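J.: Chains as they are written, first to last, in the working numbering: chain A, 1270 to 1491; chain B, 1270 to 1491. For every residue, glycine included, the Cβ atom is placed at its ideal position computed from N, Cα and C. Keep in mind it's a predicted model, so treat the numbers as computed, not measured. A single structure is presented below for examination.
2 protein chains.
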Amino acid sequence: MKIAILGGTGPQGQGLALRFSRAGIDVALGSREAGRAEDIATGLNQKLEGAKGHIEGFDNLSAVEASDEMVILAVPYSAHESTLNSIRDILTDKVLIDIVVPLKDGDPKAVDMPKEGSATEAAQALLGDHIPVVGALHNVSATTLNSLNKAINCDVLVCGNDLPAKNKVIELITQLGVQAYNVGPAVNARCVEAITPMLIRLNISKKVPFSHAGIKIWAPDS
Amino acid sequence: MKIAILGGTGPQGQGLALRFSRAGIDVALGSREAGRAEDIATGLNQKLEGAKGHIEGFDNLSAVEASDEMVILAVPYSAHESTLNSIRDILTDKVLIDIVVPLKDGDPKAVDMPKEGSATEAAQALLGDHIPVVGALHNVSATTLNSLNKAINCDVLVCGNDLPAKNKVIELITQLGVQAYNVGPAVNARCVEAITPMLIRLNISKKVPFSHAGIKIWAPDS
């Protein structure tokens, strides 16, 4: 299995590449500049000696083409629309996993949602219904992903309008050793994406006994 | 200390009354019908023999008047606006704790937010800035609250525009033995309230090993 991670040279993308590679999944790491992706891929592979999965660097379009089905969009929100526009014609038969959070410019403690309501909904509207968009992995911090000596240890909320696509994404994410939950249609991305700035707020406050918080679904009988 | 719980005869209100009473806090239990509130208060006190707090039944307006500062609004969303209108003139110097979730009519797996964005924001707009509104306790199930043999065991996200009021509410809720977190201004209620239907969705699905889920802020180092 080979997945693409676009914007894969950012901290979130690198952390995901490391985690998936260690789980035995090949990664086509995409960047605007192929050379930068190649350099970073080399470094990541060195960190993971003995991993069953291999990380290879590409420009974003070539990364999509190198993947067999799953394409993770991990660019900053400012590049969300332009990246989607650049790859929409080559996404046929793929699933777009959108992990982008529309953080407010200059204030990571707030969202500034697009007119569609959320990044996931904006992506689905831009790509059209024939390309399933699944929102996921918004609430896992890059630091957590990159701390390979620790389990991720928080849950992943997965939303989107296409149930088979969501189930495939849940199966993929579960390979990272985390619980992934189907929390409903794409409209729920308005909530899921907005959890991230609340976590960022907690992390930068002095009121919590931890940093890099995520969330967990929890119950008295769990 | 005596708090009011409006709509206190519903399952959420009863569970909160039991929990606060057991924590040594007196409760003015409000209902549209004083007689019904009185009957239910009697039953709740019997369940809690030896509790330091006492529960007394009132009509909603009298419950507000009997409270010293904190007024919890626990009515169904359909009664949210009318209840607020009926008490707005007697809320001076009180804090309104809004726990109402605008669940979609006929579908508890979705929200149907008011034009203000969330119930908390609608309440704040209706009451005016001189009455602080704090959103809290949306994500704790009534079953959990009423299961007195179990700890609540999930976290409470608290939001609102008035920091001193939020801190008072956090102090109050902490007495139930839960972690309560300030997650930002009232606008974040759009997210916090919308978590509830996602939890309801998980609870009614067959895909999770539990019922009555809540959420927890969680981190690798927690």
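(1) Applying a beta-carbon distance threshold of less than 8 Å, which residues of chain A neighbour Tyr1346(B)?
(2) How would you write the range of the alpha helix (DSSP H) that Gly1240(B) sits in, first residue to last?
(3) So, are the CB atoms of Ile1368(B) and Ile1341(B) less than 8 Å apart?
(4) For Ala1306(B) versus Gly1299(B), is the C-beta distance shorter than 8 Å?
(5) Got a sec, what are the start and stop residues for the beta strand (DSSP E) Val1380(B) sits in?
(6) Quick check on DSSP: helix, strand or coil for Asp1337(B)?
(7) Can you name, in chain order, every residue of its own chain whose Cβ lies under 8 Å from the Cβ of Val1438(A), other than the five neighbours on each side?
(8) Under 9 Å, CB to CB, which of the residues in the stretch 1457–1476 of chain A have a partner in chain B?
(9) Nearest-angstrom Cα distance between Gly1284(A) and Leu1330(A)?
(10) Grouping DSSP H, G and I as helix and E and B as strand, with all else coil, what is Gly1404(A)?
(11) For Ser1480(A) and chain B, any beta-carbon pair shorter than 8 Å?
(12) Could you work out which residues of chain A lie near Gly1483(B), taking near to mean beta carbons separated by less than 9 Å?
(13) Quick check on DSSP: helix, strand or coil for Phe1327(B)?
(14) Does the beta-carbon distance from Ile1486(A) to Ala1411(B) come in below 8 Å?
(15) Near Asn1314(B), what residues of its chain come up, given a Cβ to Cβ distance below 6 Å and the 5 sequence neighbours on each side ignored?
(16) Checking the sheet assignment: what are the DSSP bridge partners for Ser1300(B)?
(17) Can you pull the DSSP bridge partners for Tyr1346(B)?
(18) Just grab the DSSP bridge partners of Cys1428(B) for me.
(19) For a cutoff of 8 Å on Cβ pairs, would you count Lys1435(B) as touching chain A?
(20) Just the Cα atoms here: how many angstroms apart are Asp1362(B) and Arg1291(B)?
(21) What first and last residue would you give for the beta strand (DSSP E) that runs through Gly1284(A)?
(22) Are the Cβ atoms of Tyr1346(A) and Pro1377(A) separated by less than 8 Å?
(23) Taking DSSP as the reference, what is the three-state secondary structure of Val1438(B)?
(24) Any residues in the stretch 1376–1401 of chain B with a beta carbon nearer than 7 Å to a beta carbon of chain A? Which ones, in chain order?
(25) Please name the residues in the stretch 1406–1437 of chain A whose beta-carbon is closer than 9 Å to at least one beta-carbon of chain B, in chain order.
(26) Does Val1403(B) have its Cβ less than 8 Å from a Cβ in chain A?
(27) Find the nearest neighbour of Ser1336(B) within the set Leu1353(B), Phe1327(B), Ala1343(B), judged by alpha-carbon distance.
(28) Measure how close the beta-carbons of Cys1460(B) and Ala1343(A) come, nearest whole angstrom, since I'm counting them as under 8 Å.
(29) May I have the straight-line CA-CA distance separating Gly1282(A) from Val1296(B), to the nearest angstrom?
(30) Determine, for Val1364(B), whether the minimum Cβ-Cβ distance to residues of chain A falls below 8 Å.
(31) Output needed in chain order: residues of the stretch 1441–1457 of chain B with a Cβ under 8 Å from some Cβ in chain A.
(32) Just checking my contact of Val1380(B) with Pro1466(B) at CB under 8 Å: how many whole Å lie between their CB atoms?
(33) Give a yes or no on whether the C-beta atoms belonging to Gln1216(A) and Ala1320(A) are separated by under 8 Å.
(34) Can you name the start and end residues of the alpha helix (DSSP H) that Ala1482(B) belongs to?
(35) Using DSSP's beta-bridge definition, name the partner residues of Lys1271(A).
T.: According to the structure shown:
(1) Here the premise fails: no neighbours, minimum Cβ distance about 17 Å.
(2) Because residue 1240(B) is not part of the residues shown, which for chain B are 1270 to 1491, the question remains open.
(3) yes
(4) yes
(5) 1376–1380
(6) coil
(7) Met1339, Val1364, Ile1366, Val1403, Ala1405, Val1427, Gly1429, Ala1449
(8) Asn1457, Arg1459, Cys1460, Val1461, Glu1462, Ala1463, Ile1464, Pro1466, Met1467, Leu1468, Arg1470, Leu1471, Asn1472, Ser1474, Lys1476
(9) 21 Å
(10) strand
(11) yes
(12) Ile1486, Trp1487, Ala1488, Pro1489
(13) strand
(14) no
(15) Ile1324
(16) Asp1328(B)
(17) In DSSP, Tyr1346(B) forms no bridge with anything.
(18) Gly1404(B)
(19) no
(20) 26 Å
(21) Here Gly1284(A) belongs to no beta strand (DSSP E); instead the alpha helix (DSSP H) covers 1280–1291.
(22) no
(23) helix
(24) Lys1378
(25) Ser1410, Thr1412, Thr1413, Ser1416, Lys1419, Ala1420, Ile1421, Asn1422, Cys1423, Asp1424, Leu1426, Cys1428
(26) no
(27) Phe1327(B)
(28) Cys1460(B) to Ala1343(A), Cβ: 21 Å. No contact.
(29) 51 Å
(30) no
(31) Tyr1450, Asn1451, Val1452, Gly1453, Val1456, Asn1457
(32) 6 Å
(33) There is simply no residue 1216(A) to check, as chain A begins at 1270 and stops at 1491 in what is shown.
(34) No alpha helix (DSSP H) contains Ala1482(B), which DSSP labels as neither H nor E.
(35) Asp1295(A)
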